[in-house]
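Undergrad:
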Amino acid sequence: MSIARHHNEWLNLIDRSGPFLSLPVLMRVFPQGLPRVEADLVDNLRLAYEEWRDAAPMLGALAPEHRAWVEHVLCAVLGFRHESLAEGQAIPPTLNAYIAEHGETIRPDLVVMDGGKARLQLMVLDPRYGLERPLPGRIWNASPATRMMELLHSTGCPLGLVTNGEQWMLVFARADEPTGFATWHAEYWLEERVTLQAFRAFLGAPRFFAAPENESPEAMLISSADEQQEVTDQLGYQVRAAVEVFGGGARPRRYGPPPRAIARHPRRGAV
276 MSIARHHNEW LNLIDRSGPF LSLPVLMRVF PQGLPRVEAD LVDNLRLAYE EWRDAAPMLG
336 ALAPEHRAWV EHVLCAVLGF RHESLAEGQA IPPTLNAYIA EHGETIRPDL VVMDGGKARL
396 QLMVLDPRYG LERPLPGRIW NASPATRMME LLHSTGCPLG LVTNGEQWML VFARADEPTG
456 FATWHAEYWL EERVTLQAFR AFLGAPRFFA APENESPEAM LISSADEQQE VTDQLGYQVR
516 AAVEVFGGGA RPRRYGPPPR AIARHPRRGA V
């Protein structure tokens, strides 16, 4: 399989909306394809997932079993150290967003911190809640995906991850720019291994803390969005040019005989 086809395969196996990773950026950062995932990691992930899945219908967002599963994904799969994950009072107050028109404050449940800088904000939901449906019992009738988008806009941190344990939605939001959403499904990590490879390679701790600056998750997404915008602009120029050529060209052709020809051949029976 070619490397381009390899990347297109996993891109087509996740749910995407808006700007996300472009093929040229993926080919530049992962020219040999995505790194493989160790067999032991996959085996442990399968055990943890099955244990969580069996208990999920009875779990709330704060249930120890639910938090253990989320922690397994963040630490065992993505490789984040506990000391880089802020929660509770350790989350900086600057990462709160007050939605004045609804009188509600949004804040993350966990934050990946790089020193004093927030790199990735996370919202952990009840396993029974969808990511794109309004949360019950809230003043503001907005989905978790929309809430994360507003949180990112307000705090200036462009990356957020929203999860109910099964769905893991990455939100990429910058002020005055289109927002991108990409969702991985935990079940597919085990059935379609390439999606696990992509999740780990793109959102793993080494990508945040050890990769060159132009190959960080934020930089990759920004470069992809800029490339996609450039393609959109070029298409727009081509369409406008075609319209101008069509509008300024020769008059539309008339079909049928010219009027004079009709005059030289009067209708049968005419005087």
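Position in the sequence shown counted from 1, then plus 275, gives you this note's numbering. Note that beta-carbon positions come from the ideal geometry of N, C-alpha and C, so glycine has one too. The structure presented is a predicted model; accordingly, all values stated were derived computationally and were not measured.
1) Could you pull out every residue in the same chain whose Cβ sits closer than 6 Å to the Cβ of glycine 479, ignoring the five residues on either side in sequence?
2) Within 10 Å of its beta-carbon, does isoleucine 381 have 16 or more other beta-carbons around it, so buried, or fewer, so exposed?
3) Out of Leu410, Ile366, Tyr404, point me to the one whose CA is closest to leucine 397's CA.
4) From leucine 400 to glycine 390, what distance separates their C-alpha atoms?
5) Going by C-alpha distance, which of Leu286, Ser277, Ile278, Ala279 is nearest leucine 471?
6) Could you name the residues of the same chain whose beta carbon sits closer than 7 Å to that of arginine 321, not counting the 5 residues immediately before and after it, in chain order?
7) Which residue marks the beginning of the beta strand (DSSP E) containing leucine 400, and which one marks its end?
8) Using a 10 Å radius around the Cβ and a threshold of 16 neighbouring Cβ atoms, would you call asparagine 416 buried or exposed?
9) Using beta-carbon positions only, say whether alanine 372 and serine 429 come within less than 7 Å of one another.
10) So, is methionine 423 buried or exposed, given that buried needs 16 or more other C-beta atoms within 10 angstroms?
11) Among the candidates Gly435, Asn489, Arg408, whose CA atom is the shortest distance from the CA of phenylalanine 456?
12) Does the beta-carbon of aspartate 439 have 16 or more other beta-carbons within 10 angstroms, so that it is buried, or is it exposed?
13) Suppose contacts are defined by Cβ-Cβ distances below 7 Å. Is leucine 385 in contact with glutamate 362 by that definition?
14) Rounded to the nearest angstrom, how far is the Cβ of glutamate 376 from that of isoleucine 414, given a contact under 8 Å?
15) Could you give the DSSP three-state label for valine 437: helix, strand or coil?
16) In the DSSP assignment, find the unbroken alpha helix (DSSP H) run with aspartate 384 in it and report its ends.
17) Note down, in chain order, each residue of its chain lying with its Cβ closer than 8 Å to the Cβ of glycine 511, except the 5 sequence neighbours on either side.
18) With DSSP collapsed to three states, give me the class of valine 317.
19) What span of residues does the beta strand (DSSP E) with arginine 291 cover, start to end?
20) At the 7 Å Cβ level, is aspartate 451 part of the contact set with chain B, yes or no?
21) Is it buried or exposed, alanine 562, if we count other Cβ atoms within 10 angstroms and call 16 or more buried?
22) Measuring alpha carbon to alpha carbon, tell me which residue in Asp315, His460, Ser297 is nearest methionine 495.
23) For valine 469, which of helix, strand or coil comes out of DSSP?
24) When you compare the CB positions of threonine 458 and methionine 444, do they come within less than 7 Å of one another, or not?
25) To which residues of the same chain is alanine 323 closer than 7 Å at the C-beta, ignoring the five residues directly before and after it?
26) By DSSP, does tryptophan 285 sit in helix, in strand, or in coil?
27) Measuring only the C-alpha atoms, how far is glycine 405 from alanine 331?
TA: On the basis of the supplied data:
1) Counting from 1 along the sequence shown, the entry for residue 479 is found at position 204. Here the set comprises Leu353, Gly354.
2) Working through the sequence shown from its first residue, we reach residue 381 at position 106. Around the Cβ of isoleucine 381, a 10 Å sphere holds 16 or more other Cβ atoms; the residue is buried.
3) Walking along the sequence shown from the start, residue 397 turns up at place 122. That would be Ile366, whose Cα lies nearest to the Cα of leucine 397.
4) As a working note, residue 400 is residue 125 in the sequence shown. As a working note, residue 390 is residue 115 in the sequence shown. Spanning the two alpha carbons is a distance of roughly 26 Å.
5) One-based indexing of the sequence shown puts residue 471 at position 196. Of the listed residues, the one whose Cα sits closest to leucine 471 is Leu286.
6) For the purposes of this step, residue 321 is taken as residue 46 along the sequence shown, with counting starting at 1. Cβ neighbours of arginine 321 beyond the five flanking positions: Leu465.
7) Counting from one through the sequence shown, the residue named residue 400 turns up at place 125. Taken as a continuous stretch (DSSP letters only), leucine 400 belongs to no beta strand (DSSP E), as it is neither H nor E.
8) For the purposes of this step, residue 416 is identified with residue 141 of the sequence shown, where counting begins at 1. Exposed.
9) In the sequence shown, residue 372 corresponds to position 97, counting from 1. In the sequence shown, residue 429 corresponds to position 154, counting from 1. Here alanine 372 is near serine 429, since their CB atoms are less than 7 Å apart.
10) Here the question's residue 423 lines up with position 148 in the sequence shown. Buried is the call here.
11) Walking along the sequence shown from the start, residue 456 turns up at place 181. Comparing Cα positions, the closest option is Gly435.
12) Locating residue 439 in the sequence shown gives position 164, counting from the first residue. The sequence shown places asparagine at residue 439, not aspartate. By the neighbour-count rule (16 or more Cβ atoms within 10 Å), asparagine 439 is buried.
13) As a position in the sequence shown, residue 385 is number 110, starting the count at 1. As a position in the sequence shown, residue 362 is number 87, starting the count at 1. Yes, Cβ-Cβ distance for leucine 385 and glutamate 362 is below 7 Å.
14) Translated into the one-based positions of the sequence shown, residue 376 becomes position 101. Translated into the one-based positions of the sequence shown, residue 414 becomes position 139. Not a contact, Cβ separation roughly 10 Å.
15) Here residue 437 is taken as the residue at index 162 of the sequence shown, counted from 1. Valine 437 falls in the strand class under three-state DSSP.
16) Start at 1 with the first residue of the sequence shown, and residue 384 comes out as number 109. For aspartate 384, no alpha helix (DSSP H) segment is defined, and its DSSP state is neither H nor E.
17) Counting from one through the sequence shown, the residue named residue 511 turns up at place 236. In this prediction, glycine 511 scores a pLDDT of 48, lower than 50, which makes its location untrustworthy; no coordinate-derived value is stated.
18) Position 42 of the sequence shown, counted from the first residue, corresponds to residue 317. Here valine 317 sits in helix by DSSP.
19) Your numbering for residue 291 matches position 16 in the sequence shown. It spans 290-292 - the beta strand (DSSP E) in which arginine 291 sits, taken as one unbroken run.
20) Absence of chain B from the displayed structure is noted, only one protein chain being present.
21) As shown, the chain starts at 276 and ends at 546. That puts residue 562 outside it, with no answer to give.
22) Counted from its first residue, the sequence shown places residue 495 at position 220. When only C-alpha atoms are compared, the closest one is Ser297.
23) For the purposes of this step, residue 469 is taken as residue 194 along the sequence shown, with counting starting at 1. If DSSP states are grouped into helix, strand and coil, valine 469 belongs with the helices.
24) Start at 1 with the first residue of the sequence shown, and residue 458 comes out as number 183. Start at 1 with the first residue of the sequence shown, and residue 444 comes out as number 169. In this structure, methionine 444 lies closer than 7 Å to threonine 458 by Cβ.
25) Mapped onto the sequence shown, residue 323 falls at position 48. When the five nearest sequence neighbours on each side are left out, the beta carbons in the same chain lying within less than 7 Å of the beta carbon of alanine 323 are those of Trp344, His347, in order along the chain.
26) Indexing the sequence shown from 1 puts residue 285 at position 10. Assignment of tryptophan 285 by DSSP, reduced to helix, strand and coil, places it in the helix class.
27) Locating residue 405 in the sequence shown gives position 130, where the first residue counts as 1. Locating residue 331 in the sequence shown gives position 56, where the first residue counts as 1. Looking at the two C-alpha atoms, the distance is approximately 13 Å.
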